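Asker: Here the sequence shown is numbered in my numbering, starting from 32 and rising by one per residue.
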Amino acid sequence: MLIKFWGVRGSIPTPQIENLWYGGNTPCIEIRSDNGNLLIIDCGSGLRLLGRHLAAERGSRPLEADILLSHYHWDHIQGLPFFVPLYSQINRFHFHALESKETDLRQVLEGQMQTPYFPVEMRSLPAKCRFSSIGETSFSLKDFKVTTKLLNHPQGCLAFRIESGGRTLVYASDNEPGDKKGDHNVREIARGADMLIYDAQFTPEQLTKEKKGWGHSSWEEGVRICEEVGAKQMVLYHHDPDRADNLVDEILQMALKKFSVAQAAREGMEIKI
Ligand SMILES: [Zn+2]
Ligand SMILES: [Zn+2]
Numbered sequence: 032m033l034i035k036f037w038g039v040r041g042s043i044p045t046p047q048i049e050n051l052w053y054g055g056n057t058p059c060i061e062i063r064s065d066n067g068n069l070l071i072i073d074c075g076s077g078l079r080l081l082g083r084h085l086a087a088e089r090g091s092r093p094l095e096a097d098i099l100l101s102h103y104h105w106d107h108i109q110g111l112p113f114f115v116p117l118y119s120q121i122n123r124f125h126f127h128a129l130e131s132k133e134t135d136l137r138q139v140l141e142g143q144m145q146t147p148y149f150p151v152e153m154r155s156l157p158a159k160c161r162f163s164s165i166g167e168t169s170f171s172l173k174d175f176k177v178t179t180k181l182l183n184h185p186q187g188c189l190a191f192r193i194e195s196g197g198r199t200l201v202y203a204s205d206n207e208p209g210d211k212k213g214d215h216n217v218r219e220i221a222r223g224a225d226m227l228i229y230d231a232q233f234t235p236e237q238l239t240k241e242k243k244g245w246g247h248s249s250w251e252e253g254v255r256i257c258e259e260v261g262a263k264q265m266v267l268y269h270h271d272p273d274r275a276d277n278l279v280d281e282i283l284q285m286a287l288k289k290f291s292v293a294q295a296a297r298e299g300m301e302i303k304i
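1. List the whole-angstrom C-beta distance separating Leu94 from Leu85, where the pair is believed to meet the contact cut-off of C-beta under 8 Å.
2. Report the rounded CA-to-CA distance for Gly244 versus Gly209, giving the unit in angstroms.
3. Beta carbon of Asp273: closer than 7 Å to some heavy atom of ligand 1?
4. In terms of residue numbering, what span does the alpha helix (DSSP H) encompassing Arg63 cover?
5. Ligand 2: which residues have Cβ under 5 Å from any of its heavy atoms, chain order?
6. Kindly provide the ranges of any beta strand (DSSP E) runs that are 3 or more residues long and lie completely inside the segment 158-236, ordered along the chain.
7. Hey, would you say the C-beta of His270 is under 7 Å away from at least one heavy atom of ligand 1?
8. Going by beta-carbon coordinates alone, are Asn206 and Asp230 separated by less than 8 Å?
9. Any idea what DSSP makes of Tyr118, helix, strand or coil?
10. Note the first and the last residue of the continuous beta strand (DSSP E) segment covering Lys263.
11. Taking 8 Å as the threshold, find out whether the segment 266-279 comes into contact with the segment 39-56 through three or more Cβ pairs.
12. Anyone know if the C-beta pair for Arg123 and Ala158 falls short of 8 Å?
13. Which residue's Cα is closest to the Cα of Asn216: Thr199, Pro112 and Thr178?
14. Can you check DSSP and say which residues form a bridge with Glu28?
15. On the criterion of 16 or more Cβ atoms from any shown chain inside 10 Å, does Arg161 qualify as buried, or is it exposed?
16. Closest to Tyr202 by CA distance: which of Lys211, Gly196 and Phe191 is it?
17. Cutting at 6 Å between CB atoms, please list the residues of its own chain near Ala293, excluding the five before and the five after it.
18. Please determine, among Ser101, Tyr118, Asn50 and Val151, the residue with the shortest C-alpha to C-alpha distance to Glu130.
19. Roughly how many angstroms separate the alpha carbons of Pro112 and Gln237, rounded to a whole number?
20. Looking only at its own chain, which residues have a Cβ that is under 7 Å from the Cβ of Met144, when we skip the five neighbours before and after it?
21. Three-state secondary structure (DSSP) at His107?
22. Does the distance from the CB of Phe36 to the CB of Arg79 come in under 8 Å?
23. Can you grab the Cα-Cα spacing for the pair Asn308 / Lys212, in whole Å?
24. Just checking my contact of Lys263 with Leu33 at CB under 8 Å: how many whole Å lie between their CB atoms?
25. Helix, strand or coil: how does DSSP classify Ala286 here?
26. My output table needs one value for Trp37: the three-state DSSP class, helix, strand or coil.
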């Protein structure tokens, strides 16, 4: 699998100079299987750049992709209105997203583009879109096997375990430790993974004090999970909007002292596992 990071920042895009080494776009990851099939995780503002890249790469050839959405907080869906491939009728997308008792998945995604929030309604976009609500489950998408587990996050969030070509990637963004079920789930889904992409928005100190209850985690908890379940590599993800590049570096250095195969996600970074 080839993994490319298009957005790594949590909560809100931060186009400010002190954040630009790691990047200011919100969560979006592109995954290619060894056979070239495309899977996208989350639709933060990084999705805009991925869309431009895909449009240039495809030219007039149709594009087909599965899109996994961990949850509906703005930082995970706000790139959709600017995803150029949605504006072409030859393209097809299948969204697989967190089920919700209160709302219909299609309505949730269309909501952010309704009048008066955006000039184009999602329903009128030419690309063909399918929508599937998912809870804790396991299913196949072409040559990817996807397993999901619920994390501890306000209004819920899904973690994804993606297996393809004999390798395993786990995406667990937006998760706060300290909840029995969430702590169990994240360990179960990350067990033996070749790579864990993990929410490291806050420092361990912040997590016990002013940021307790905000739904996020730390590098320290990421290291703990990797060590407990034998995950081989960790990527620190969902950087805090107020964490400038030098402060992300500091967090990474602390993580590296405890776990030598950690890295911090950076826009444009590509990793093959
Ligand atoms: Zn988030
Ligand atoms: Zn969230």
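In this text, a Cβ means the ideal position worked out from N, Cα and C, and glycines have one as well. It should be emphasised that the depicted structure is a prediction, and the values quoted were computed from it without experimental measurement.
Answerer: In this structure, then:
1. 6 Å
2. 10 Å
3. no
4. Segment Cys59 to Arg63 is the beta strand (DSSP E) holding Arg63; no alpha helix (DSSP H) there.
5. His104 and Asp205
6. 159-165, 169-172, 175-181, 189-195, 198-203 and 226-230
7. no
8. yes
9. helix
10. Element bounds for Lys263: n/a, residue is neither H nor E.
11. yes
12. yes
13. Thr178
14. Not covered by the structure: residue 28. The range shown for the chain is 32 to 304.
15. exposed
16. Phe191
17. Met265, Ala286 and Leu287
18. Ser101
19. 34 Å
20. Pro112, Val151, Glu152 and Met153
21. helix
22. no
23. Look at the range of the chain in this structure, 32 to 304, and you will see that residue 308 is not part of it.
24. About 17 Å; that fails the 8 Å criterion.
25. helix
26. strand
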